[in-house]
Amino acid sequence: MSVSIQDFAQALREHQQLSSLTKITRGIERESLRVLPHGELSSHPHYHNLGSALTHGQITTDYAENLLEFITPVSDSAEQAIGQLEDIQKFVLSEIGDELLWPLSMPCFVDDANTIPLANYGKSNIGTMKTVYRQGLKNRYGSMMQVIAGIHFNFSFPDGFWQVLKKLENNQQSMQDYKSDKYFALLRNYKRYCWLIPYLYGSSPAICPSFLQGRETNLPFEKSKSGYMYLPYATSLRMSDLGYTNNAQSSLYICYNSLPQYLTQVEKAMAVSSDEFEKIGIKKDGKYQQLNSKVLQIENELYSPVRPKRVAKSGEKPSHALAERGVEYIEVRALDVNPFSSTGISLAQVKFLDIFLMYCVLRESPALDCDTQQQFEDNMNAVVVRGRDPELKLGDGDKQKSITGWGQEIFESMMPIAMLLDEAHGNDAYQQVLNDEHKKVNDASLTPSAKILDHVVAGENSLTKTALSMAAEYKAELSKKNYQFYTQDYFEKAAIASHQEQQAIEESDTMNFDDFISDYFSS
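Written as structure tokens, this is what we have:
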């Protein structure tokens with residue numbers, strides 16, 4: 014059953030749990046390419062002073078040696094999460110010489126994608142597996158797709174929130190099962206409304222021509238006088254078929270109606286064979302080309318704009334952690350890097366996501382069938398390539414709605430949630446954020462994608478020069494700031510400890526890699 018926000022607000026007050034809304038927790042993962050001052054990709058390996066990419070908890074790499082990933086600890090303060098991200102980036106920038114952090118999702122100029130260096134995690138079995146997985150991604154989809162950067166936003170509600178909601182719904186499940194079911198209700202509604210995320214925050218409407226590397230595309234690109242390819246109404250090419258998607262997975266149907274059903278379908282998906290990937294082979298001249306020839310090498314290869322998550326134990330598969338201990342948090346993956354923020358995500362975005370995700374969990378969330386889920390995916394696909402087109406209509410059941418009309422409905426429904434969060438925090442910050450974002454629904458020119466295209470197309474400016482100028486500005490800005498939550502000494506010691514931990518892992522290996530991989534997939 015669903016409850017009204019008014020009833021839920023009253024129940025929070027009656028149970029003296031209003032303060033639980035200040036205990037919502039978040040973690041941010043920000044990806045960023047290391048680039049040289051003139052815009053080329055850095056060819057320098059992961060800097061030793063940054064620590065081990067395998068074991069460091071806050072500074073690692075993603076696909077490539079030059080694609081950094083910064084991870085904040087779980088925090089119940091939005092301000093702290095942003096501040097910690099600033100501290101991490103301040104340290105990194107102090108250790109990479111004259112290199113810069115590319116402030117866009119889509120990569121800078123890349124002359125030859127084959128020169129992009131795979132991330133190296135050392136000689137341990139687990140480190141080798143991570144690199145071989147990336148080799149598989151390269152062979153399957155090419156390197157360019159893998160150096161697209163994004164923001165992952167991890168979010169969870171505190172126990173007090175669930176206790177009040179469970180009692181209000183008179184639910185008799187165990188708390189673990191109840192939370193999992195409610196997180197899946199959130200996931201279904203996120204699917205329904207997630208087109209709003211690239212509309213509001215999509216920041217990749219244009220690309221450098223080098224991104225295509227000779228690939229053909231059906232997208233009707235235009236070319237700016239400054240040489241960049243763009244779609245006039247695009248919001249997030251990163252989330253389009255051109256970007257971080259996987260056509261090989263189009264036949265996989267992953268349902269979000271319940272955790273058991275989801276896990277069953279993920280397990281089935283892991284067993285699906287691929288004739289295309291079979292041709293690559295597992296080994297070539299004695300070197301691994303991929304972990305296996307299935308559609309998915311491992312669960313992480315399942316691309317989705319949102320995921321149910323549970324912190325896994327060492328060596329534990331994500332699905333096993335979910336099956337054993339239920340959903341712990343959700344991971345939002347539909348966010349472009351925000352070029353107008355030094356950290357790639359602003360405090361206002363975090364607060365909006367708080368509102369939006371709370372809206373998704375409290376709103377009625379009926380089960381999704383294949384056709385309905387496909388309709389919502391079609392909405393998402395339409396918005397990323399033509400979300401600012403005033404003629405665009407989105408499907409909501411048997412109704413066709415405009416961005417403005419449907420957006421108005423959603424924002425009106427979210428205002429009581431913003432008011433409740435403000436009541437808990439003792440200010441009006443959430444209402445202010447919601448009002449500011451609402452303006453974008455009524456005026457598409459206020460969106461970041463529109464601002465970027467206006468600069469590149471109407472202003473005939475170089476996107477590369479603008480991005481480099483931003484990157485240099487952010488580097489100077491962060492270098493002048495004092496550390497807020499960490500110190501230089503903390504990061505230096507963490508780097509040393511991470512190298513020691515990697516060495517210990519390497520020394521503890523007792524089997525060869527072939528046996529390790531065989532054991533991993535048989536368990």
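If you read the sequence shown in the working numbering, its first letter stands for residue 14, the second for the next number, and so on.
Even for Gly, the Cβ is constructed at its ideal location relative to N, Cα and C.
Could you please give me the residues that DSSP links to residue i through a beta bridge?
i, result
"G163", "D349"
"Y243", "A219 and E235"
"E44", "E82"
"S88", "R39"
"T477", "T477 is not bridged to any residue."
"I72", "F83"
"D409", "K412"
"L54", "V48"
"F168", "R39 and I343"
"A77", "L131"
"S249", "S217"
"K179", "Beta-bridge pairing links K179 to no other residue."
"K322", "Y342"
For residue i, count neighbouring Cβ atoms within 10 angstroms of its own Cβ and tell me buried if that reaches 16, exposed if not.
i, result
"F4", "Absent from the structure is residue 4, since the part of the chain shown begins at 14 and ends at 536."
"A282", "buried"
"M188", "exposed"
"Y266", "exposed"
"Q413", "exposed"
"S99", "Here the sequence assigns Glu to residue 99, which means Ser is not the residue at that position. Buried."
"T128", "exposed"
"E44", "buried"
"I509", "exposed"
"R401", "buried"
"E280", "exposed"
"P379", "exposed"
"E112", "buried"
"R228", "exposed"
"K192", "buried"
"N202", "buried"
"Q515", "buried"
"V494", "The sequence given here places Lys at residue 494; Val does not occur at that position. Its Cβ having fewer than 16 others within 10 Å, K494 is exposed."
"E185", "A small fix is needed here, since residue 185 is Gln in this sequence, not Glu. So Q185 ends up on the exposed side."
"D349", "buried"
"P461", "buried"
"D172", "exposed"
"Q30", "buried"
"S327", "exposed"
"Q501", "exposed"
"K453", "buried"
"T73", "buried"
"A247", "buried"
Ignore the nearest five residues each way along the sequence and tell me which others in residue i's own chain have a CB closer than 8 Å to its CB.
i, result
"A395", "W208, L405 and L407"
"S306", "S286, S287, F290, E291, I293, G294 and I295"
"I572", "No statement about residue 572 is possible, as the shown extent of the chain runs from 14 to 536 and does not include it."
"L315", "Q262, L265, I267, V279, A282 and L309"
Starting from the C-beta of residue i, find all residues in its chain whose C-beta is less than 6 Å away, skip the five residues before and the five after it, and write them out in chain order.
i, result
"A22", "L433"
"F389", "K204 and R205"
"Q71", "I84 and I101"
"A480", "P116 and L117"
Considering only residues of the same chain and omitting the five flanking positions on each side of residue i, which have a CB-CB separation below 7 Å?
i, result
"Q362", "Y214 and N351"
"I423", "Y206 and L209"
"Q93", "F498"
"D522", "S137 and N138"
"E450", "L213 and F365"
"L360", "A91, E92 and I95"
"D409", "W419"
"K238", "E473"
For this session: Could you tell me whether the region 158–172 touches the region 331–345, where touching means 3 or more Cβ pairs closer than 8 Å?
Result: yes
Tell me the start and end of each unbroken beta strand (DSSP E) in the region 324–395 that is at least 3 residues and wholly inside, in chain order. 342–349
Measuring CB atoms only, is the region 72–82 touching the region 167–179, in the sense that at least three cross pairs come out at less than 8 Å? no
Runs of beta strand (DSSP E) lying entirely within the region 114–144, each at least 3 residues, in chain order:
none
Worksheet item: Does the region 19–34 come close enough to the region 131–149 to have 3 or more Cβ pairs within less than 8 Å?
Response: no
Could you check whether the region 33–50 touches the region 85–92, counting it as contact only if at least three pairs of C-beta atoms, one from each stretch, sit closer than 8 Å? For the pair of segments examined, the region 33–50 was found to touch the region 85–92: the number of CB pairs separated by less than 8 Å reaches three.
Would you be able to state if there are at least three C-beta pairs under 8 Å between the region 54–69 and the region 447–466? no
Contact between the region 44–62 and the region 118–137 (3+ Cβ pairs under 8 Å)
yes
Check your understanding: If you pair each beta-carbon of the region 194–204 with each one of the region 263–274, do three or more pairs fall below 8 Å?
Key -> Yes: the two stretches touch, three or more of their Cβ pairs being nearer than 8 Å.
Output the residue ranges of the beta strand (DSSP E) runs that lie fully inside the region 274–320 and measure 3 residues or longer, sorted by chain position.
-> none
(request) State whether the region 424–444 contacts the region 366–385, with contact taken as three or more CB pairs (one from each stretch) at a distance under 8 Å. (result) yes
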